[in-house]
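Shown next, in structure tokens, is the structure this report addresses.
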Amino acid sequence: MEGSPRKVGYTSSARWKHVQEIIEEIEGPLRELPKALLTPDAAERLPRRVTDGLWRLRHAALSGGLTTSAIRLRAWPILLSTYVHSSEVAAQTAAAARRGVGAGIGIGAELRDEQQVAKDVARCLWEANGRVLGDHERESKRAALTDVLLTAIAALGEDKVYYYQGLHDVGAGLVVGLPETRKSTMTGMTPACAAMVALLSARLAPYCTQGLEVTLAAMDKVMELVGAAAPALHAYLTNAGVPAVFCMPWLLSLFAHNIDDSEVVFRLWDACFATHPAFVLYLAATLVIDAEDELMALGDDMASLHHRLSHLLADGRLSQASVDGVILRALQLAHAFPPRELLADTDTFPHAFTAWPERWAGSPPAHLTELGALQAEMPPPLRAMRPASGTRAAMVVVGLTTIAAIVASWFLQSE
Amino acid sequence: YTVVLIGDSAVGKSNLLSRFTRDEFSLESKSTIGVEFATRSISTDDGKVLKAQIWDTAGQERYRAITSAYYRGAVGALLVYDISKYETFSNVERWLKELRDHAENHIEVMLVGNKSDLRHLRVVMTEDAEAFAQENGISFIETSALDASNVEEAFSSILTKIYEKVSRKSMNSDAAGSGKTKPMANNASKVIVVDNENDDAAPAKKKKCC
């Protein structure tokens with residue numbers, strides 16, 4: 001039993017308690033703060049305990065994940081700053097709601113993308129949380145998904161947000177991951193819907209543009225990262241003429257289209273939501289780089305390379321056991337080739353996608369940048385662990401330390 | 001040979017492909033994002049094995065910028081509509097124009113009315129589609145990926161037509177036309193062995209060959 005992940009890592013209840021404590025610390029103050037204080041320009045005025053808490057929450061989200069739907073329901077809105085985004089769009093939402101748009105039942109004027117949304121919604125949510133959904137439950141989840149998509153589009157404005165196939169996979173993940181159907185008093189929307197608005201405003205902003213150009217540019221950036229970290233592999237793929245389109249669904253759906261195990265998807269989302277909006281590019285590049293040997297063994301045939309690349313995530317190849325390693329390597333890649341450099345040469349991407357840290361969160365507390373202090377920041381189960389107690393434990397400690405160091409330095413660089 | 005599957009969203013392109021390459025059909029279908037692809041070989045009457053790379057494209061209009069890049073290398077296209085959704089048939093003309101704009105001139109096009117099992121919901125008449133195909137000089141077939149009817153026929157018919165066209169061309173002249181198609185065939189011949197997906201298909205066609 002000693003070697004099992006459950007023993008050496010956080011036990012889920014200890015982890016749950018740790019993350020919950022962080023949330024308790026900041027959720028209250030965040031709620032009490034007047035909305036004016038949550039605007040991007042007021043970042044510096046946020047109380048220290050709130051910004052500190054945010055950093056610890058990000059740290060937890062990156063190192064081991066947020067583990068349960070109850071925690072994500074509270075943590076994702078904080079990580080995504082849904083309060084900020086929804087306050088910006090609250091007026092439009094209200095107007096849209098009055099017209100009946102987004103009710104998901106076709107009252108009022110029909111949105112441009114409504115038919116496409118309907119076609120895609122009808123082809124997802126067959127399963128959730130590892131089990132096949134019954135007809136009734138599926139229909140109610142699909143109705144919620146339609147509502148999430150249409151409300152978010154209406155709230156942000158049809159002229160700004162263009163629905164794309166794949167966004168429904170993100171929405172389906174949100175509906176499953178944030179199953180609260182009541183509207184939050186802070187955002188005036190369900191948590192899933194507020195999260196969608198926040199995602200469309202920053203992390204998905206490159207993909208919901210009218211044309212495909214920004215999406216293609218993002219795909220190129222993935223290949224650029226592969227080239228920077230694994231030049232031989234990059235040259236090999238380029239010579240074979242492999243188009244970057246294999247990673248298109250990864251980026252567009254934040255991996256939800258390609259991974260069946262929702263817990264793995266949510267682990268990736270925990271990490272994505274806790275970091276730079278461009279982190280998804282690093283995850284995608286890491287997956288390709290991880291497969292280097294396998295790909296190089298395939299020969300220079302474009303078709304088989306493309307096929308293998310598109311199936312890198314299929315059939316449970318990325319599991320709950322391996323996902324932490326991928327996140328860690330992606331962080332290392334982001335440390336070596338930081339987003340500000342990766343995205344520097346182009347003004348193709350929306351500002352909200354390239355900007356980090358989200359300014360309202362302020363800068364990281366100084367003590368988080370020191371390694372020694374960092375270990376003191378770790379939750380008790382991890383601090384108590386000695387590397388000698390097993391290689392896996394050592395890996396976890398090294399991993400967490402690296403994550404913390406990388407994240408901290410990364411944030412400092414950006415300031 | 002490279003063949004593309006095009007047509008409106010949710011007409012059953014992906015299921016046609018999985019029916020043909022893996023003999024699988026899924027009621028729990030998923031939208032295609034971008035382009036996906038699979039391969040399979042069939043044998044002709046004169047014993048030749050034809051290897052096909054089939055690219056399956058997303059139906060949503062915004063993806064055309066990327067999917068049209070795949071028309072260029074294609075020697076065949078299956079233009080799919082849903083016999084139970086009239087709109088998908090009225091859009092066929094637009095898809096045809098897409099092909100004319102982006103594909104090579106001699107691309108072999110076949111109009112495919114899918115979901116023929118939905119008899120009670122049919123809104124596109126066979127004769128109308130037939131007439132349309134004739135007017136535009138393309139071939140036509142009705143299929144059902146669900147009950148597998150005509151799927152094999154659709155793919156093998158288009159592949160055979162391409163084969164005949166190509167061999168006629170290479171007999172006639174060794175110049176421009178064949179120069180373009182030959183490397184493609186070479187490409188495709190390397191594909192076959194690699195994928196799991198072909199494992200089901202491979203033994204069947206080997207038997208046929210012998």
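Here the protein sequences come in this chain order: A and B.
First residue of the first sequence? That's 1 in full-length UniProt numbering, and the numbers climb one at a time after it.
First residue of the second sequence? That's 1 in full-length UniProt numbering, and the numbers climb one at a time after it.
Backbone N, C-alpha and C define an ideal beta-carbon position, used for all residues, glycine too.
These figures come from a predicted structure and were not determined experimentally.
Where the alpha helix (DSSP H) through residue 28 of chain B begins and ends
On the second sequence, residue 28 of chain B is found 28 positions in, with the first residue counted as 1. Note, residue 28 of chain B: premise wrong, no alpha helix (DSSP H); not H, not E.
Stretch pair the region 116–128 of chain A + the region 73–92 of chain B: three plus CB contacts closer than 8 Å:
Because the criterion of three Cβ pairs below 8 Å is not met, the region 116–128 of chain A and the region 73–92 of chain B do not touch.
When you compare the CB of residue 134 of chain B with every CB in chain A, is at least one pair closer than 8 Å?
As a working mapping, residue 134 of chain B is identified with position 134 in the second sequence. Answer no: the Cβ-Cβ gap between residue 134 of chain B and chain A never drops below 8 Å.
What's the call for residue 48 of chain A, buried or exposed, on a 16-neighbour Cβ count within 10 Å?
Indexing the first sequence from 1 puts residue 48 of chain A at position 48. Label assigned to residue 48 of chain A: exposed.
If we count Cβ pairs, one from each stretch, closer than 8 Å, do we get three or more for the region 327–345 of chain A versus the region 276–283 of chain A?
The region 327–345 of chain A, when compared against the region 276–283 of chain A, does touch it at the 8 Å Cβ threshold.
Can you check whether the CB of residue 79 of chain B is closer than 8 Å to the CB of residue 7 of chain B?
Along the second sequence, one-based indexing puts residue 7 of chain B at 7. Along the second sequence, one-based indexing puts residue 79 of chain B at 79. Contact flag set, yes.
When Cβ atoms are compared, which residues of the region 8–24 of chain B fall closer than 8 Å to chain A?
Listed in sequence order: 9 and 10.
Status (buried if at least 16 other CB within 10 Å, exposed otherwise) for residue 211 of chain B
No answer is possible for residue 211 of chain B: it lies beyond the span of chain B, which begins at 1 and ends at 210.
Using DSSP bridges, identify the partner residues of residue 140 of chain B.
Here residue 140 of chain B refers to the residue found at position 140 of the second sequence. Answer is B:111, bridged to residue 140 of chain B.
Inspect the beta-carbon positions of residue 240 of chain A and residue 285 of chain A and report whether they are closer than 8 Å.
Here the question's residue 240 of chain A lines up with position 240 in the first sequence. Here the question's residue 285 of chain A lines up with position 285 in the first sequence. No. Outside cutoff.
Where the alpha helix (DSSP H) through residue 169 of chain A begins and ends
The residue you call residue 169 of chain A lines up with position 169 of the first sequence. Counted as a single uninterrupted DSSP element, the alpha helix (DSSP H) harbouring residue 169 of chain A occupies residues 167–177.
Taking only runs that begin and end inside the region 31–79 of chain B, name each unbroken alpha helix (DSSP H) of 4 or more residues, in chain order.
List check, alpha helix (DSSP H) in window: 64–72.
Going by the beta-carbon positions, is the gap between residue 61 of chain A and residue 274 of chain A smaller than 8 Å?
Mapped onto the first sequence, residue 61 of chain A falls at position 61. Mapped onto the first sequence, residue 274 of chain A falls at position 274. Yes, the pair counts as a contact, with Cβ atoms nearer than the cut-off.
Check each residue of the region 116–128 of chain A: if its Cβ is closer than 9 Å to any Cβ of chain B, include it; give the result in chain order.
Answer set for the region 116–128 of chain A: 116, 119, 120, 122, 123, 124, 126 and 127.
To the nearest angstrom, report how far apart residue 175 of chain B and residue 40 of chain B are at their CA atoms.
Reading the second sequence from its first residue, position 175 is the one you call residue 175 of chain B. Reading the second sequence from its first residue, position 40 is the one you call residue 40 of chain B. Its pLDDT being 48, under 50, residue 175 of chain B is placed unreliably in this model, and the coordinates cannot settle the point.
Decide if residue 32 of chain A is buried, meaning its Cβ has at least 16 other Cβ atoms within 10 Å, or exposed.
Position 32 of the first sequence, counted from the start, is the residue given in the question as residue 32 of chain A. Around the beta carbon of residue 32 of chain A, a 10 Å sphere encloses fewer than 16 other beta carbons of the protein chains shown; the residue is thus reported as exposed.
Mind checking whether residue 78 of chain A and residue 156 of chain A have CB atoms under 8 Å apart?
Looking up residue 78 of chain A in the first sequence gives position 78. Looking up residue 156 of chain A in the first sequence gives position 156. Contact flag unset, no.
Between the CA atoms of residue 158 of chain A and residue 22 of chain A - distance to the nearest angstrom:
For the purposes of this step, residue 22 of chain A is taken as residue 22 along the first sequence, with counting starting at 1. For the purposes of this step, residue 158 of chain A is taken as residue 158 along the first sequence, with counting starting at 1. Straight through space, the alpha carbons of residue 158 of chain A and residue 22 of chain A are spaced by roughly 37 Å.
CB-CB length for residue 133 of chain B against residue 111 of chain B, believed under 8 Å:
Numbered from 1 along the second sequence, position 133 holds the residue referred to as residue 133 of chain B. Numbered from 1 along the second sequence, position 111 holds the residue referred to as residue 111 of chain B. Rounded, the Cβ-Cβ distance is 5 Å, consistent with contact.
Alpha carbon to alpha carbon, how far is residue 311 of chain A from residue 19 of chain B?
Residue 311 of chain A sits at position 311 when you count from the first residue of the first sequence. Residue 19 of chain B sits at position 19 when you count from the first residue of the second sequence. Cα to Cα, the separation comes out at about 19 Å.
How should residue 254 of chain A be labelled, buried or exposed, when 16 other C-beta atoms within 10 angstroms of its C-beta is the threshold for buried?
Within the first sequence, numbered from 1, the residue matching residue 254 of chain A stands at position 254. Residue 254 of chain A should be labelled buried.
Can you find a CB in chain B that lies within less than 8 Å of the CB of residue 280 of chain A?
Along the first sequence, one-based indexing puts residue 280 of chain A at 280. When Cβ-Cβ separations below 8 Å define contact, residue 280 of chain A makes no contact with chain B.
Short-range partners of chain A found in the region 28–46 of chain B, where Cβ spacing is below 9 Å
For the region 28–46 of chain B, residues whose beta-carbon sits nearer than 9 Å to a beta-carbon of chain A comprise 28, 29, 30, 31, 32, 33, 34, 35, 36, 37, 38 and 39.
Which first and last residues belong to the beta strand (DSSP E) in which residue 6 of chain B is found?
By 1-based counting over the second sequence, the position of residue 6 of chain B is 6. It spans 2–7 - the beta strand (DSSP E) in which residue 6 of chain B sits, taken as one unbroken run.
Considering only C-alpha positions, which residue in the set A:349, A:52, A:123 and A:233 is nearest to residue 167 of chain A?
Counting from one through the first sequence, the residue named residue 167 of chain A turns up at place 167. Residue 167 of chain A has its Cα closest to that of A:123, out of A:349, A:52, A:123 and A:233.
Using 8 Å as the threshold, is the C-beta distance between residue 189 of chain A and residue 174 of chain A below it?
In the first sequence, the residue the question calls residue 189 of chain A occupies position 189. In the first sequence, the residue the question calls residue 174 of chain A occupies position 174. No, the Cβ-Cβ distance between residue 189 of chain A and residue 174 of chain A is not below 8 Å.
Below-8 Å beta-carbon distance, residue 184 of chain B vs any chain A residue:
Here residue 184 of chain B corresponds to residue number 184 of the second sequence, with the count starting at 1. Note that residue 184 of chain B scores 39 on pLDDT, short of 50, meaning its location in the model is unreliable and no value can be drawn from it.
Cα-Cα separation, residue 140 of chain B to residue 182 of chain A:
By one-based count along the second sequence, residue 140 of chain B stands at place 140. By one-based count along the first sequence, residue 182 of chain A stands at place 182. Whole-angstrom Cα-Cα distance: 51 Å.
Members of the region 125–150 of chain A that neighbour chain B once the beta carbon cut-off is set at 7 Å
Residues 126.
Residue 212 of chain A lies in the alpha helix (DSSP H); which residues open and close that run?
Residue mapping note: residue 212 of chain A aligns to position 212 of the first sequence, counting from 1. That residue, residue 212 of chain A, is in no alpha helix (DSSP H); it is neither H nor E in DSSP.
State the Cα-Cα distance for the pair residue 65 of chain A and residue 65 of chain B, rounded to the nearest angstrom.
Translated into the one-based positions of the first sequence, residue 65 of chain A becomes position 65. Translated into the one-based positions of the second sequence, residue 65 of chain B becomes position 65. Residue 65 of chain A and residue 65 of chain B: Cα-Cα distance of roughly 37 Å.
With the cut-off set at 8 Å, would you say residue 77 of chain B and residue 109 of chain B are in Cβ contact?
As a first step, residue 77 of chain B must be located in the second sequence, where it is residue number 77. As a first step, residue 109 of chain B must be located in the second sequence, where it is residue number 109. In this structure, residue 77 of chain B sits near residue 109 of chain B, with a CB-CB distance shorter than 8 Å.
Using 8 Å as the limit for Cβ to Cβ distance, is residue 391 of chain A near chain B?
Walking along the first sequence from the start, residue 391 of chain A turns up at place 391. Low per-residue confidence applies at residue 391 of chain A: pLDDT is 44, beneath 50, and the placement is therefore not dependable, though the value from the model is reported in the following sentence. Cβ-Cβ to chain B under 8 Å: no for residue 391 of chain A.
What residues in its chain sit with their C-beta under 6 Å from that of residue 50 of chain A, if we drop five residues either side in the sequence?
Within the first sequence, residue 50 of chain A is the residue found at index 50, counting from 1. So the list reads 26 and 29, once near-sequence residues are dropped.
Per DSSP, which residues does residue 341 of chain A bridge with? Please list them.
As a working mapping, residue 341 of chain A is identified with position 341 in the first sequence. DSSP lists no partner for residue 341 of chain A.
Measuring CA to CA, which of A:56, A:71 and A:59 is closest to residue 13 of chain A?
Sequence index remark: in the first sequence, residue 13 of chain A carries index 13 (1-based). For the residues A:56, A:71 and A:59, the minimum Cα distance to residue 13 of chain A belongs to A:71.
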